[in-house]
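For the sequence shown, the UniProt record's numbering assigns the number 1 to the initial residue and increments by one for each residue that follows.
We put the CB at the ideal spot given by N, CA and C, even for glycine.
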Amino acid sequence: MKILLISPSYYPQANSAYFPLGLACISAYIKVQGHSVVGLNLNHMHSEERACAIKNVLDNQNIDLIGISGLTVAFNEIDRLMQEIRRINPRIPIVLGGGITSVEGELMMNTLRPDFAVVGEGEFIFSRLLNTLESGGDASKIAGIWCWEDTRPKYTGEGESPKDLDELPLPDLDSFGIRDHIQLQGEGGQYSYHLTRLDFGRSFPISASRSCPFKCTFCHHAGMGTYKKRDIVKVVDQIEDYIKTYGINGFSIYDELFSANKARVVEFCSLLKERNINIKWFCQLRMDQLDFSMLQMMRDSGCNYISFGIESGSDVVLGSMKKKITKQIISDAVKIVREAKIGIQANFLFGDPIETEETIRESLQFQEDNQLYFCDWSAVVPYAGTPIYNFAVEKGLIQDREIFMRSLCNISGYLYNSQINMTQMSDDQYKDWYIYLRELNDQNHRKRCATIVSGNIVSRWMSEITVACPCCGHQQTMVFQFPFEQDENGPILRGPVGVPGMNILCPDCARKMHLKAKDIPHMSAIYKRFQNEIDLIKGSNDKVTFMPSLDRFASTFLEDISIDDSLVEDVYDTREFRRDKRFLGKSTKIVDLENIKNLNDKILVILPWIEYEKVINMLNDSAVKPSKIVCWNNLFL
Numbered sequence: 001m002k003i004l005l006i007s008p009s010y011y012p013q014a015n016s017a018y019f020p021l022g023l024a025c026i027s028a029y030i031k032v033q034g035h036s037v038v039g040l041n042l043n044h045m046h047s048e049e050r051a052c053a054i055k056n057v058l059d060n061q062n063i064d065l066i067g068i069s070g071l072t073v074a075f076n077e078i079d080r081l082m083q084e085i086r087r088i089n090p091r092i093p094i095v096l097g098g099g100i101t102s103v104e105g106e107l108m109m110n111t112l113r114p115d116f117a118v119v120g121e122g123e124f125i126f127s128r129l130l131n132t133l134e135s136g137g138d139a140s141k142i143a144g145i146w147c148w149e150d151t152r153p154k155y156t157g158e159g160e161s162p163k164d165l166d167e168l169p170l171p172d173l174d175s176f177g178i179r180d181h182i183q184l185q186g187e188g189g190q191y192s193y194h195l196t197r198l199d200f201g202r203s204f205p206i207s208a209s210r211s212c213p214f215k216c217t218f219c220h221h222a223g224m225g226t227y228k229k230r231d232i233v234k235v236v237d238q239i240e241d242y243i244k245t246y247g248i249n250g251f252s253i254y255d256e257l258f259s260a261n262k263a264r265v266v267e268f269c270s271l272l273k274e275r276n277i278n279i280k281w282f283c284q285l286r287m288d289q290l291d292f293s294m295l296q297m298m299r300d301s302g303c304n305y306i307s308f309g310i311e312s313g314s315d316v317v318l319g320s321m322k323k324k325i326t327k328q329i330i331s332d333a334v335k336i337v338r339e340a341k342i343g344i345q346a347n348f349l350f351g352d353p354i355e356t357e358e359t360i361r362e363s364l365q366f367q368e369d370n371q372l373y374f375c376d377w378s379a380v381v382p383y384a385g386t387p388i389y390n391f392a393v394e395k396g397l398i399q400d401r402e403i404f405m406r407s408l409c410n411i412s413g414y415l416y417n418s419q420i421n422m423t424q425m426s427d428d429q430y431k432d433w434y435i436y437l438r439e440l441n442d443q444n445h446r447k448r449c450a451t452i453v454s455g456n457i458v459s460r461w462m463s464e465i466t467v468a469c470p471c472c473g474h475q476q477t478m479v480f481q482f483p484f485e486q487d488e489n490g491p492i493l494r495g496p497v498g499v500p501g502m503n504i505l506c507p508d509c510a511r512k513m514h515l516k517a518k519d520i521p522h523m524s525a526i527y528k529r530f531q532n533e534i535d536l537i538k539g540s541n542d543k544v545t546f547m548p549s550l551d552r553f554a555s556t557f558l559e560d561i562s563i564d565d566s567l568v569e570d571v572y573d574t575r576e577f578r579r580d581k582r583f584l585g586k587s588t589k590i591v592d593l594e595n596i597k598n599l600n601d602k603i604l605v606i607l608p609w610i611e612y613e614k615v616i617n618m619l620n621d622s623a624v625k626p627s628k629i630v631c632w633n634n635l636f637l
């Protein structure tokens with residue numbers, strides 16, 4: 001059979017944020033079984049190009065069956081893909097796989113309505129399904145799938161998973177555009193708001209194990225079966241081959257947990273050194289599996305950045321999460337990781353069912369005591385399949401599971417508009433804490449700012465800048481565009497464009513430092529222009545209406561732009577949860593189509609805002625003169 005395997009994208013723009021390694025493993029296995037594969041990795045194209053790409057394949061190749069794999073956060077995107085496929089060819093069978101089929105299977109079948117769904121590790125199960133369909137057999141006899149029995153979905157029971165990963169063929173990277181994935185990363189390093197490092201570009205994904213032996217309450221190892229490992233020698237063989245084939249200078253181990261013991265990590269590092277493999281790499285480990293000598297070996301073999309699960313600075317919360325670690329273990333681990341000069345990627349999680357204001361304050365003190373300024377605060381999200389999802393359903397906090405799963409596809413919208421409060425705090429307390437902790441992330445970053453040595457403008461949206469690490473003094477020079485999200489027309493005006501700075505990893509001591517957007521040479525001009533507009537209004541003695549009532553970035557933006565409270569007449573926002581909240585010394589009012597008419601004789605200042613275009617259109621419809629509007633986002637046009 002000729003199979004089209006599609007990897008949906010989690011972002012509207014072309015990106016290299018994620019490579020579908022699991023789907024590449026499926027492709028490699030079914031090819032060995034005699035099937036042919038066309039891979040379509042939608043991450044590598046912009047959203048408006050994706051439907052045409054699917055139509056082109058279906059119109060020009062004789063596809064017998066389509067497989068789509070994704071997590072539950074791709075629910076809406078998979079729905080759109082399936083509707084597009086049905087429009088082009090309503091008769092072609094569609095099989096779903098990945099995390100989305102491993103939880104809420106009946107709901108998934110009844111809403112998305114695929115022909116079949118594979119549950120669990122897919123190599124054996126999907127291959128058997130294809131062979132059965134090809135021979136005209138009864139698919140309902142295959143274990144490990146959802147199928148249809150008349151008009152009702154039917155689950156056939158647990159299917160067989162690979163027991164020895166080393167017996168499987170290596171993933172089919174080329175069918176899913178690994179070269180495009182590498183090219184999209186660029187040549188000059190890794191640049192993003194979250195983390196910028198010049199020593200890590202042209203990276204590829206690799207898997208050395210599957211699943212995780214631990215059972216944290218907020219985590220679900222969707223469809224990955226029991227924890228199993230590949231032979232380390234074969235993993236290093238694979239890395240050597242990829243270096244020669246793809247010309248990469250880094251790799252990321254995609255495993256949820258690279259190793260459950262130190263000996264395996266030591267063996268891996270030793271082999272990299274023995275074979276003189278000079279490459280940077282990144283992995284995820286637990287903080288109770290470390291010692292200094294192992295970390296030194298990791299650093300010497302090219303690893304200067306590790307992802308850890310910190311989650312909380314409260315032993316009560318850590319116990320509730322079933323993390324199997326304590327805050328003392330975390331504190332001790334932080335010390336030796338820093339001593340070994342390895343960077344730390346980690347988060348604190350807010351909102352476990354046992355969370356209280358007291359445990360939050362305990363975690364905040366722990367964060368400060370350990371100077372974990374770049375370990376950001378995130379919310380516990382009850383993803384389907386996790387114990388806390390079951391808790392939320394049992395408590396009636398999730399009443400419509402489909403609506404809830406769809407809401408998670410826009411995680412920002414969920415977090416600000418419909419976040420599930422599983423704690424005993426009131427909903428108002430909960431939301432106020434969440435907003436405060438998100439704002440605290442940005443304040444904490446500024447506790448360790450890069451020292452600016454020199455800088456100059458290269459072009460309108462590009463600068464060269466030399467910074468020194470505030471921890472060790474090491475200097476590095478970067479040439480980069482900013483904002484990072486740009487197309488052929490310049491910056492993409494999404495949200496608070498030009499406001500978040502960037503976090504830089506020092507290649508010497510591996511500590512993070514923050515570079516304010518205002519300190520980037522070409523961005524400095526934007527800030528000066530906006531400040532001049534504010535100062536001119538102040539000089540005229542006019543009163544001003546401001547929008548929106550900033551929450552995230554409020555303190556950091558107002559640190560860079562001076563707005564005198566005496567200038568402010570009113571503050572408006574479109575978001576109901578900001579009603580009556582104080583901003584710029586005023587109580588926030590909600591703007592709508594009716595009261596916006598009252599603003600047509602006002603001077604309006606629109607601060608960084610995701611909804612700025614919507615509001616400007618409302619103002620224009622209400623005959624507000626453009627000359628009366630000062631808009632931050634418009635400075636980037």
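*Any idea if Arg50 is buried or exposed, counting beta-carbon neighbours within 10 angstroms, 16 or more meaning buried?*
Mapped onto the sequence shown, residue 50 falls at position 50. Buried, since its Cβ has 16 or more Cβ neighbours within 10 Å.
*Measure the CB-CB distance between Ile66 and Val37 and report whether it falls below 8 Å.*
The sequence position of residue 66 within the sequence shown is 66, counting from 1. The sequence position of residue 37 within the sequence shown is 37, counting from 1. Result no, Cβ atoms of Ile66 and Val37 do not sit closer than 8 Å.
*alpha helix (DSSP H) runs contained entirely in the region 282-356, provided each spans 4 or more residues*: 292-300, 315-320 and 327-339
*Backbone secondary structure at Lys589 - three-state DSSP*: As a working note, residue 589 is residue 589 in the sequence shown. The three-state reading of DSSP puts Lys589 in strand, counting E and B together.
*Looking only at DSSP bridge pairs, what is Asn441 linked to?*
In the sequence shown, residue 441 corresponds to position 441, counting from 1. Asn441 pairs with nothing; no bridge assigned.
*Give the straight-line distance between the Cα atoms of Val95 and Ile6, rounded to the nearest whole angstrom.*
Taking the first residue of the sequence shown as position 1, residue 95 is located at position 95. Taking the first residue of the sequence shown as position 1, residue 6 is located at position 6. Each residue's Cα considered, the two are about 10 Å apart.
*Give the single residue among Glu134, Tyr254 and Asp79 whose Cα lies nearest to the Cα of Asn110.*
Your numbering for residue 110 matches position 110 in the sequence shown. Across the set Glu134, Tyr254 and Asp79, the C-alpha of Asp79 shows the shortest separation from the C-alpha of Asn110.
*asked:* Taking the alpha-carbon of Ser47 as reference, which of Ser9, Asn76, Gln33 and Leu58 has the nearest alpha-carbon?
replied: Here residue 47 is taken as the residue at index 47 of the sequence shown, counted from 1. The candidate whose alpha carbon is nearest that of Ser47 is Ser9.
*Three-state secondary structure (DSSP) at Tyr527?*
As a first step, residue 527 must be located in the sequence shown, where it is residue number 527. Looking at Tyr527 - three-state DSSP - the assignment turns out to be helix.
_For Ala379, report the span of its beta strand (DSSP E) as first-last._
Your numbering for residue 379 matches position 379 in the sequence shown. From DSSP, the beta strand (DSSP E) with Ala379 extends over Asp376 to Ala379.
*For Ser7, the residue or residues it bridges with in DSSP*: Numbered from its first residue, the sequence shown carries residue 7 at position 7. Per DSSP, Asn41.
_Suppose the cutoff is 6 Å on Cβ atoms and the five residues either side in sequence are ignored; what does the same chain contact list for Leu567 look like?_
Numbered from its first residue, the sequence shown carries residue 567 at position 567. Correct list, in chain order: Lys538 and Val544.
*Does the Cβ-Cβ distance between Met283 and Ile253 come in under 8 Å?*
Taking the sequence shown and counting its residues from 1, the one referred to as residue 283 is at position 283. Taking the sequence shown and counting its residues from 1, the one referred to as residue 253 is at position 253. Before going further, note that residue 283 is Cys rather than Met in the sequence given. Taking 8 Å as the Cβ cut-off, Cys283 and Ile253 qualify as a contacting pair.
*With C-beta atoms as the reference, is Ile30 less than 8 Å away from Leu173?*
Here residue 30 is taken as the residue at index 30 of the sequence shown, counted from 1. Here residue 173 is taken as the residue at index 173 of the sequence shown, counted from 1. Remark: C-beta atoms of Ile30 and Leu173 do not approach each other more closely than 8 Å.
*With Asp323 and Cys449 assumed to form a contact (beta carbons below 8 Å), what rounded beta-carbon distance in angstroms separates them?*
Locating residue 323 in the sequence shown gives position 323, counting from the first residue. Locating residue 449 in the sequence shown gives position 449, counting from the first residue. It is worth fixing the name first, because residue 323 is Lys in this sequence and not Asp. 32 Å between Cβ atoms; not a contact.
*Is it the case that the Cβ atoms of Glu234 and Ser211 are separated by a distance below 8 Å?*
Position 234 of the sequence shown, counted from the start, is the residue given in the question as residue 234. Position 211 of the sequence shown, counted from the start, is the residue given in the question as residue 211. As written in the sequence, residue 234 is Lys, which differs from the Glu given in the question. Not closer than 8 Å, so no.
*asked:* Taking its Cβ as the centre, do 16 or more other Cβ atoms sit within 10 Å of Glu339, making it buried, or is it exposed?
replied: Within the sequence shown, numbered from 1, the residue matching residue 339 stands at position 339. Under this definition Glu339 is an exposed residue.
_Residues that Leu229 bridges to, as DSSP identifies them_ = For the purposes of this step, residue 229 is identified with residue 229 of the sequence shown, where counting begins at 1. Position check: residue 229 holds Lys in this sequence, whereas Leu was assumed. DSSP lists Ser209 as partners of Lys229.
*Which residues in the same chain as Ser587 place their Cβ atom closer than 7 Å to its Cβ, once the five residues preceding and following it in sequence are excluded?*
Stepping through the sequence shown from its first residue, residue 587 is reached at position 587. Sequence-distant partners of Ser587 (beyond 5 residues in either direction) whose C-beta falls short of 7 Å from its own C-beta, in its chain, are Asp580.
_I'd like to know whether the C-beta atoms of Leu198 and Met478 end up nearer to each other than 8 Å._
Here residue 198 is taken as the residue at index 198 of the sequence shown, counted from 1. Here residue 478 is taken as the residue at index 478 of the sequence shown, counted from 1. Yes, the pair counts as a contact, with Cβ atoms nearer than the cut-off.
_For Pro608 and Ser314, the rounded distance between their alpha carbons_ = Within the sequence shown, numbered from 1, the residue matching residue 314 stands at position 314. Within the sequence shown, numbered from 1, the residue matching residue 608 stands at position 608. Distance between the alpha carbons of Ser314 and Pro608 is about 35 Å.
*Decide if the region 351-359 is in contact with the region 178-192; the criterion is three or more beta carbon pairs, one per stretch, under 8 Å apart.*
no
*Nearest neighbour of Lys280, chosen from Lys273, Glu274, Gly250 and Met294 [CA to CA]*: Indexing the sequence shown from 1 puts residue 280 at position 280. Minimum Cα distance to Lys280 is reached at Gly250.
*For the alpha helix (DSSP H) holding Val265, just list the boundary residues, first then last.*
Along the sequence shown, read from residue 1 onward, the residue named residue 265 stands at position 265. Where Val265 is concerned, the enclosing alpha helix (DSSP H) stretches over Lys262 to Glu274.
*For Ser27, does the count of other Cβ atoms within 10 angstroms reach 16, so buried, or fall short, so exposed?*
Along the sequence shown, read from residue 1 onward, the residue named residue 27 stands at position 27. By the Cβ-count criterion, Ser27 is buried, with 16 or more other Cβ atoms from all chains shown falling within 10 Å of its own Cβ.
*Since Lys512 is in the beta strand (DSSP E), which residue starts that stretch and which ends it?*
Taking the sequence shown and counting its residues from 1, the one referred to as residue 512 is at position 512. Here the beta strand (DSSP E) through Lys512 covers Lys512 to Leu515.
_Limits of the unbroken alpha helix (DSSP H) element including Glu613_ = Position 613 of the sequence shown holds residue 613. It spans Tyr612 to Asp621 - the alpha helix (DSSP H) in which Glu613 sits, taken as one unbroken run.
*At what residues does the alpha helix (DSSP H) containing Gln475 begin and finish?*
Counted from its first residue, the sequence shown places residue 475 at position 475. From DSSP, Gln475 is part of no alpha helix (DSSP H) but of the beta strand (DSSP E) over Gln475 to Gln481.
*What first and last residue would you give for the beta strand (DSSP E) that runs through Val497?*
On the sequence shown, residue 497 is found 497 positions in, with the first residue counted as 1. It is not in any beta strand (DSSP E) - Val497 carries neither H nor E in the DSSP assignment.
*Compute the Euclidean distance between the alpha carbons of Asp180 and Asp519, then round it to the nearest angstrom.*
Within the sequence shown, numbered from 1, the residue matching residue 180 stands at position 180. Within the sequence shown, numbered from 1, the residue matching residue 519 stands at position 519. Roughly 33 Å between the two C-alpha positions.
*How many Å lie between Val87 and Ala392 at the Cα?*
Here residue 87 refers to the residue found at position 87 when the sequence shown is read from its first residue. Here residue 392 refers to the residue found at position 392 when the sequence shown is read from its first residue. Going by the sequence as given, residue 87 is Arg instead of Val. Each residue's alpha carbon lies about 37 Å from the other.
*Measuring from the CB of Asp255, is there a heavy atom of the ligand ZN at a distance below 7 Å?*
The ligand ZN is not part of the structure shown, which contains no ligands of any sort.
*asked:* In this structure, how does DSSP classify Arg202 when only helix, strand and coil are distinguished?
replied: Mapped onto the sequence shown, residue 202 falls at position 202. In the structure shown, Arg202 falls within a coil segment according to DSSP collapsed to helix, strand and coil.
*Residues near Asp551 in its chain [Cβ-Cβ closer than 6 Å; skip 5 each side]*: Start at 1 with the first residue of the sequence shown, and residue 551 comes out as number 551. Counting only Cβ-Cβ distances below 6 Å, and skipping sequence neighbours, we find Ile435.
*What number of angstroms, rounded off, separates the C-alpha of Met108 from the C-alpha of Leu21?*
The count along the sequence shown starts at 1 and reaches residue 108 at position 108. The count along the sequence shown starts at 1 and reaches residue 21 at position 21. C-alpha separation (whole angstroms): 23 Å.
*Give the single residue among Ser301, Met82 and Pro626 whose Cα lies nearest to the Cα of Ile277.*
The residue given as residue 277 occupies position 277 in the sequence shown. The shortest Cα separation from Ile277 among Ser301, Met82 and Pro626 belongs to Ser301.
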